[in-house]
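Data block below; observations after.
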Amino acid sequence: MTDLVIRTLDASSAALFRTMPDPLALAEKHRSTRYRPDWQRVALRDGRTVARAAWWGRPEDLEPLVINWFDVAEGEEAAGAELLRTAPWQTPELELDLPVGWRDDPRLRAAADTRATAARRAGYTPLVDRFLYRWTPDLGLPERPGRLRFAPEPDDAVFHGLLRRIHSVTLDAHALRAVAEGGVDHAAQEELDGLRRLPSPRAWWQVARTPGGDPVGIHIPAANPSGPCVGFVGVVPEHRGHGYAYDLLAECTHFLAARGAFIAAATDQGNLPMAAHFAAAGYPVVRERVNYWADDATGAG
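Numbering-wise (the numbering used here), the sequence shown opens with residue 35 and increments by one.
Shown next, in the form of C-alpha cells:
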C-alpha cells in the first residue's frame, strides 16, 4: 500500500473535498452548510481521496466547534483515524449523520461501520444516537392545547435556574455528560452558553407557566446558520407526566412557522417521551445521527 498524504485544504485545493463517493448523502445534508476551506482536511493515497473531514464553526470563531462531516473509504479506517488524530484543532465532538433506516440497509450499514471504526481508532467514543427532524408547512401546524401561558424572560438567571432544575433529572445524553463532568450548575451553564451562541434573537426565548404563574418549563425558538430550529424544550421535574413538553413544542412550532418555511429539530433516540411528542406534533424523522465524544480532545494534533 502506498504512503498516505494528509492535506489541510485552502481555496485553491478545496475541490479535493468533493472527490469521494457519498453513500451517506452528506453533500445533500450539508447543502447549506458553510465551511472554511482551511478547516477541511483530506487523506490521499495515489492521488485519490480516501478520507475527508470538515470542522465547522461560526464565522467569528477562532477555532472550530465540531466535526460534522467525516467520510472514509472502505478499508481505509486507519487513514480516517490518522486524519483526525493529526488535526491541529481541539474538537471533542464528532457528528456522524446517517440516512433513516441505515441499520437495515447492508450497504449503508457497512459505510457507517467503516466511519465508526475510524472514529473509534482516533479516540472518539459513541455518546448518543439521535433523530433529526424537519417540519415544513405542508405538514400542518400542531394544535395548541392552551393549558400554559408563554412569555419572554429577559433575565438569564431565570433560564439558568430552570435549566438547572430540568437537567437535575434528564434523559439527554449531552446534559448527563455535562453533569458527570462538572455537576448540574455546569450542565445548566453549558446549555445556556450554547443557546447564546445561536444567531437568533435572545428575545425569542420563552418561559411557560401555569395559569397560576408556576413555572413549568422553557422553550427556545431559535435559528442556526442553516435556518429556523427548535433550540430547546424542557419541563421541570415536578411538572412532568402531564405531556407539557408537547405544549411547549407546539408553541415553539407556531412561533417559528411565522418566521420561516421549515423548522429543524433533534432529540436523543433514547428520550422516548420527547420522540413521541415530536411524532404527535407532526415532525418526520429525516436523518439519524451518532454523536461521538473525546474527553481528552483526541482530535487535536
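Even glycine gets a Cβ: it sits at the ideal position worked out from N, Cα and C.
Backbone secondary structure at A107 - three-state DSSP:
coil
Closest to P57 by CA distance: which of E97, P133, V192 is it?
P133
Contact set for P249: own chain, Cβ-Cβ below 7 Å, skip 5 residues either direction
L196, V241, R243, V270
Find out if the Cβ-Cβ distance for the pair A121, R75 is shorter than 9 Å.
yes
Taking the alpha helix (DSSP H) that H194 belongs to, which residues open and close that run?
190-202
In whole angstroms, what is the alpha-carbon distance linking T332 and A284?
Residue confidence for T332 is low, a pLDDT of 48 falling below 50, so the modelled location carries little weight and cannot support an answer.
Use the C-beta contact count for E62: other C-beta atoms within 10 angstroms, 16 or more gives buried, fewer gives exposed.
exposed
Would you kindly check if the distance between the Cβ of L142 and the Cβ of L128 is under 9 Å?
no
Would you please state the rounded distance, in angstroms, between the beta carbons of G114 and A144? I believe it to be under 8 Å.
14 Å between Cβ atoms; not a contact.
Roughly how many angstroms lie between the CA atoms of A191 and F296, to the nearest whole one?
A191 and F296 have their C-alpha atoms spaced approximately 31 Å apart.
Mapping DSSP to helix, strand and coil, what is G335?
Because G335 carries a pLDDT of 44, less than 50, the predicted location of this residue cannot be relied on, and the following value inherits that uncertainty. Reduced to three states, the DSSP call for G335 is coil.
Would you mind working out which of P186, E111, W90 sits nearest A77, comparing C-alpha positions?
Ranked by how close their Cα comes to the Cα of A77, the residues P186, E111, W90 have E111 in first place.
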